[in-house]
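J.: Protein chains in written order, with our numbering: chain F, 1 to 201; chain P, 202 to 467.
Structure provided below as structure tokens; questions to follow.
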Amino acid sequence: MSLLSFQKTVDKDGQLMQAYAKGDSSAFEELYRKHKDPLYRFFLRQCGNQALAEELYQEVWLRVIKARENYELKAKFTTWLYRIAHNILVDHFRKPQTETDEETDAENIPDNAANDPEVILSGQEKIECFRVQLRVQLKKLPKEQSEVFLLKEEAGLSLEEIALTVGESKETVKSRLRYAVKKLRQSLRNENTKENVMGDL
Amino acid sequence: MKDSDDKILQDYLKGNDEVSATYQSLQDEKSSVALDEFILRAARDAVTDKPIKQKRIPAQAYSVAASICVAVLAGALFLNNESELTRNEIEAFTIPVLDMPVSEMLSADDAVAALQSDTDANINTGAVAEALDLNANRIALPAPQFQIEVAESLEETATGAAFSTNDNMVEAETAMRRVEEVIVTAEVRETEELEARSSEELLELVETADLSQAIQFPGYRQNTNTWLAEIQRLTQAGNAMELAEERRLFAQNYPNIDIDSALIEL
Numbered sequence: 001m002s003l004l005s006f007q008k009t010v011d012k013d014g015q016l017m018q019a020y021a022k023g024d025s026s027a028f029e030e031l032y033r034k035h036k037d038p039l040y041r042f043f044l045r046q047c048g049n050q051a052l053a054e055e056l057y058q059e060v061w062l063r064v065i066k067a068r069e070n071y072e073l074k075a076k077f078t079t080w081l082y083r084i085a086h087n088i089l090v091d092h093f094r095k096p097q098t099e100t101d102e103e104t105d106a107e108n109i110p111d112n113a114a115n116d117p118e119v120i121l122s123g124q125e126k127i128e129c130f131r132v133q134l135r136v137q138l139k140k141l142p143k144e145q146s147e148v149f150l151l152k153e154e155a156g157l158s159l160e161e162i163a164l165t166v167g168e169s170k171e172t173v174k175s176r177l178r179y180a181v182k183k184l185r186q187s188l189r190n191e192n193t194k195e196n197v198m199g200d201l
Numbered sequence: 202m203k204d205s206d207d208k209i210l211q212d213y214l215k216g217n218d219e220v221s222a223t224y225q226s227l228q229d230e231k232s233s234v235a236l237d238e239f240i241l242r243a244a245r246d247a248v249t250d251k252p253i254k255q256k257r258i259p260a261q262a263y264s265v266a267a268s269i270c271v272a273v274l275a276g277a278l279f280l281n282n283e284s285e286l287t288r289n290e291i292e293a294f295t296i297p298v299l300d301m302p303v304s305e306m307l308s309a310d311d312a313v314a315a316l317q318s319d320t321d322a323n324i325n326t327g328a329v330a331e332a333l334d335l336n337a338n339r340i341a342l343p344a345p346q347f348q349i350e351v352a353e354s355l356e357e358t359a360t361g362a363a364f365s366t367n368d369n370m371v372e373a374e375t376a377m378r379r380v381e382e383v384i385v386t387a388e389v390r391e392t393e394e395l396e397a398r399s400s401e402e403l404l405e406l407v408e409t410a411d412l413s414q415a416i417q418f419p420g421y422r423q424n425t426n427t428w429l430a431e432i433q434r435l436t437q438a439g440n441a442m443e444l445a446e447e448r449r450l451f452a453q454n455y456p457n458i459d460i461d462s463a464l465i466e467l
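The structure is reproduced here in structure tokens:
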């Protein structure tokens, strides 16, 4: 992404937010349509619980609505949005966790359907197994590592923007992302190897 | 090892990594429609709530009510001051005869008669009244009676207030001062009025050359002719002591006039 296109994006989202602050609800709708799914998945991957993810996701947007008049066109809107999301997530994890919160949808997923030698997988099923495995591995990552990975994948933030969002240095973010990618890559490689072995058998 | 990790990261950041591609294929989860509608409705309500926020009618109403209260208080203060002015005007109107004793108020004729038999300034007052056939009752009674009442009420207010709180002490002192001022002003104005009337009547008498009456006028010393007429009368009457006193006073006041020569010319 060139600097010019980046600036245009910043300007567009920020201007939409400012237009909403002035009373243009259609501007908010446009912003919401653009950012809603990545933000939702950001929470869903972090929490692993749909109900909790929806609750936190809703909390972010309500804060955005509430803080519309305080928004300043200084930072990229996406950075501002995910900074709010990060703070809500941190607040949530600081709270004493209930059993319901701890229970995740990912835990209900079979760890690795491809491990069962009795199961013969089709091509589409194999892809689905990879995806499930990736979700599981993502869930197993430390929160800090999974967060920077999701900020990169879902929000499309650069290392500098991620650092700004999570309040850490760029090097720290880089390190966390390196570990996250390595682990996920390793899990996918292992899955692929197993599949190959299964195929040879 | 570290170099290979960096390479993995660099490949990932460039988008040349299976992890990113696999993850992107996972992006089929979306927020529920109900949740979307709820958030969008909240956003619209927040914007349409703006006028409600701006309403702040209670605060504005309070400010308007406060302004009205201030205006009413200002009006009340103005009316109060107006009533104070009215009272002062009444006091000023009744000033001329305020200092007259109650005995004079009730029997002005007797007081005038008593003054006639007195000497000096008192004689003047009585003589003026008699010479001009002044109806003391007609002049003094209506206003003085009212003035007395005003003064007495003021004194009562001051005295009564003096027994109450410290704040009332100040009011009492103020009221007492007001009474004193009224009395002093009345004395001054009464004196000035009487002297003016005396002078006017004396001048009339002189002009009519009725000196026989003029000598009885208490203000005879204000005019050389009337004063000389009085000296002449005393000379003819053989009242040596009074004559000597009058001649001495005349010489003192008019050292450039020879009394004997003036008497001849008179």
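Idealized CB from N, CA, C, for every residue including glycine.
Less than 9 Å between CB atoms is the rule here; does T249/P satisfy it with respect to chain F?
T.: On the second sequence, residue 249/P is found 48 positions in, with the first residue counted as 1. Yes, T249/P counts as interfacial toward chain F.
J.: Under 9 Å between C-beta atoms, does D37/F make it to chain P?
T.: For this step, residue 37/F is matched to residue 37 along the first sequence. So yes, D37/F belongs to the interface.
J.: A163/F by DSSP, collapsed to three states: which one?
T.: As a position in the first sequence, residue 163/F is number 163, starting the count at 1. Reduced to three states, the DSSP call for A163/F is helix.
J.: Going straight from the alpha carbon of L56/F to that of L89/F, what length do you get?
T.: To locate residue 56/F, count along the first sequence from 1; it is residue 56. To locate residue 89/F, count along the first sequence from 1; it is residue 89. Spanning the two alpha carbons is a distance of roughly 7 Å.
J.: When you compare each of I432/P, S233/P and F239/P to A445/P by their alpha carbons, which one comes out closest?
T.: Here residue 445/P refers to the residue found at position 244 when the second sequence is read from its first residue. Measuring from the Cα of A445/P, the nearest candidate turns out to be I432/P.
J.: In chain order, what residues of the same chain have a beta carbon less than 8 Å from the beta carbon of A463/P, not counting five sequence neighbours either side?
T.: By 1-based counting over the second sequence, the position of residue 463/P is 262. Same-chain partners within the cutoff: T425 and L429.
J.: On the three-pair Cβ rule with 8 Å, is the stretch 162-174 of chain F touching the stretch 122-141 of chain F?
T.: Contact fails: fewer than three Cβ-Cβ distances are below 8 Å.
J.: For A330/P, name the three-state secondary structure that DSSP assigns.
T.: In the second sequence, the residue the question calls residue 330/P occupies position 129. Bear in mind that the predicted position of A330/P carries a pLDDT of just 43, short of 50, making it too unreliable to give a figure here.
J.: If you reduce the DSSP assignment to three classes, tell me which class D24/F lands in.
T.: Walking along the first sequence from the start, residue 24/F turns up at place 24. Looking at D24/F - three-state DSSP - the assignment turns out to be coil, as it is neither helix nor strand.
J.: I'd like the span of the alpha helix (DSSP H) that includes A445/P, first residue to last.
T.: Along the second sequence, read from residue 1 onward, the residue named residue 445/P stands at position 244. Unbroken alpha helix (DSSP H) run through A445/P: A441 to N454.
J.: State yes or no: is the C-beta of S25/F within less than 9 Å of the C-beta of L241/P?
T.: Walking along the first sequence from the start, residue 25/F turns up at place 25. Walking along the second sequence from the start, residue 241/P turns up at place 40. Yes, these two residues count as a Cβ contact at 9 Å.
J.: Taking 9 Å as the threshold (beta carbon to beta carbon), is D204/P in contact with chain F?
T.: By 1-based counting over the second sequence, the position of residue 204/P is 3. No - not a single Cβ of chain F is within 9 Å of the one on D204/P.
J.: Quick one, which residues of the stretch 138-160 of chain F are near chain P if we go by CB-CB under 7 Å, in chain order?
T.: Taking 7 Å as the Cβ-Cβ cut-off against chain P, the residues of the stretch 138-160 of chain F that qualify are E153.
J.: Can you have a look at M442/P and say buried or exposed, based on whether 16 or more other CB atoms are within 10 angstroms of its CB?
T.: Position 241 of the second sequence, counting from 1, holds the residue named residue 442/P. Classification for M442/P: exposed.
J.: Would you mind stating whether V60/F and L44/F have Cβ atoms separated by less than 9 Å?
T.: Taking the first residue of the first sequence as 1, we reach residue 60/F at position 60. Taking the first residue of the first sequence as 1, we reach residue 44/F at position 44. No; because the gap between Cβ atoms is not below 9 Å, this pair is not in contact.
J.: Spell out whether any CB of chain P is found under 9 Å from the CB atom of F93/F.
T.: Residue 93/F sits at position 93 when you count from the first residue of the first sequence. Answer no: the Cβ-Cβ gap between F93/F and chain P never drops below 9 Å.
J.: Which of helix, strand or coil does DSSP assign to S169/F?
T.: Locating residue 169/F in the first sequence gives position 169, counting from the first residue. DSSP places S169/F in coil when its eight states are reduced to three.
J.: At a CB-CB cut-off below 9 Å, which residues of chain F make contact with I209/P?
T.: In the second sequence, counting from the first residue as 1, residue 209/P sits at position 8. What I209/P touches in chain F: R178, V181, K182 and R185.
J.: Closer than 7 Å by beta-carbon distance: list the chain F residues that pair up with V220/P, in chain order.
T.: For this step, residue 220/P is matched to residue 19 along the second sequence. Under the 7 Å cutoff, chain F gives V181, L184, R185 and L188.
J.: Please confirm whether A75/F and L39/F have their CB atoms less than 9 Å apart.
T.: Taking the first sequence and counting its residues from 1, the one referred to as residue 75/F is at position 75. Taking the first sequence and counting its residues from 1, the one referred to as residue 39/F is at position 39. No, these two residues do not count as a Cβ contact at 9 Å.
J.: Against chain P, does S169/F count as a neighbour if the rule is that its beta carbon must be under 9 Å from one of theirs?
T.: Looking up residue 169/F in the first sequence gives position 169. Chain P, which has no Cβ nearer than 9 Å to the Cβ of S169/F, makes this no.
J.: Cβ atoms of E29/F and A267/P: under 9 Å apart, would you say?
T.: Taking the first residue of the second sequence as 1, we reach residue 267/P at position 66. Taking the first residue of the first sequence as 1, we reach residue 29/F at position 29. Not closer than 9 Å, so no.
J.: On the three-state DSSP scale, how would you describe P142/F?
T.: Mapped onto the first sequence, residue 142/F falls at position 142. In the structure shown, P142/F sits in coil (DSSP, three-state: anything other than H, G, I, E or B).
J.: How would you list, in chain order, the residues of chain F whose beta-carbon sits under 7 Å from the beta-carbon of K231/P?
T.: Position 30 of the second sequence holds residue 231/P. Ordered by position in chain F, the residues that pass the 7 Å Cβ test against K231/P are D37 and Y40.
J.: Using the Cα positions of A222/P and T249/P, report the straight-line distance between them to the nearest angstrom.
T.: To locate residue 222/P, count along the second sequence from 1; it is residue 21. To locate residue 249/P, count along the second sequence from 1; it is residue 48. Going from the Cα of A222/P to the Cα of T249/P covers about 43 Å.
J.: Report all residues from its chain with a CB closer than 7 Å to the CB of K183/F; omit the five preceding and five following residues, and keep chain order.
T.: Translated into positions along the first sequence, residue 183/F becomes position 183. Taken in chain order, the residues that qualify are Q137 and L141.
J.: Can you round the beta-carbon distance between R185/F and V234/P to whole angstroms, since I take them to be within the 8 Å contact cut?
T.: Counting from 1 along the first sequence, the entry for residue 185/F is found at position 185. Counting from 1 along the second sequence, the entry for residue 234/P is found at position 33. Contact flag wrong, Cβ pair sits at about 35 Å.
J.: Using the C-alpha atoms, what's the distance from V265/P back to A275/P?
T.: Counted from its first residue, the second sequence places residue 275/P at position 74. Counted from its first residue, the second sequence places residue 265/P at position 64. Between A275/P and V265/P, the C-alpha separation is close to 15 Å.
J.: Can you pull the chain F neighbours of L280/P, defined as C-beta to C-beta under 7 Å?
T.: Stepping through the second sequence from its first residue, residue 280/P is reached at position 79. Under the 7 Å cutoff, chain F gives no residues; its nearest Cβ is about 48 Å from L280/P.
J.: What's the C-alpha gap between K66/F and N87/F?
T.: For the purposes of this step, residue 66/F is identified with residue 66 of the first sequence, where counting begins at 1. For the purposes of this step, residue 87/F is identified with residue 87 of the first sequence, where counting begins at 1. Their backbone Cα atoms lie some 15 Å apart in a straight line.
J.: Alpha helix (DSSP H) containing A430/P: first to last residue?
T.: As a working mapping, residue 430/P is identified with position 229 in the second sequence. Per DSSP, A430/P belongs to the alpha helix (DSSP H) from T425 to A438.
J.: Run through DSSP, which three-state label would A155/F get?
T.: Sequence index remark: in the first sequence, residue 155/F carries index 155 (1-based). Residue state, collapsed to three classes: coil.
J.: Where L73/F and C47/F are concerned, what is the direct C-alpha to C-alpha distance, given to the nearest angstrom?
T.: The count along the first sequence starts at 1 and reaches residue 73/F at position 73. The count along the first sequence starts at 1 and reaches residue 47/F at position 47. C-alpha separation (whole angstroms): 30 Å.
J.: I need the straight-line Cα distance from K12/F to I162/F, nearest angstrom please.
T.: Start at 1 with the first residue of the first sequence, and residue 12/F comes out as number 12. Start at 1 with the first residue of the first sequence, and residue 162/F comes out as number 162. Cα-Cα distance, rounded: 20 Å.
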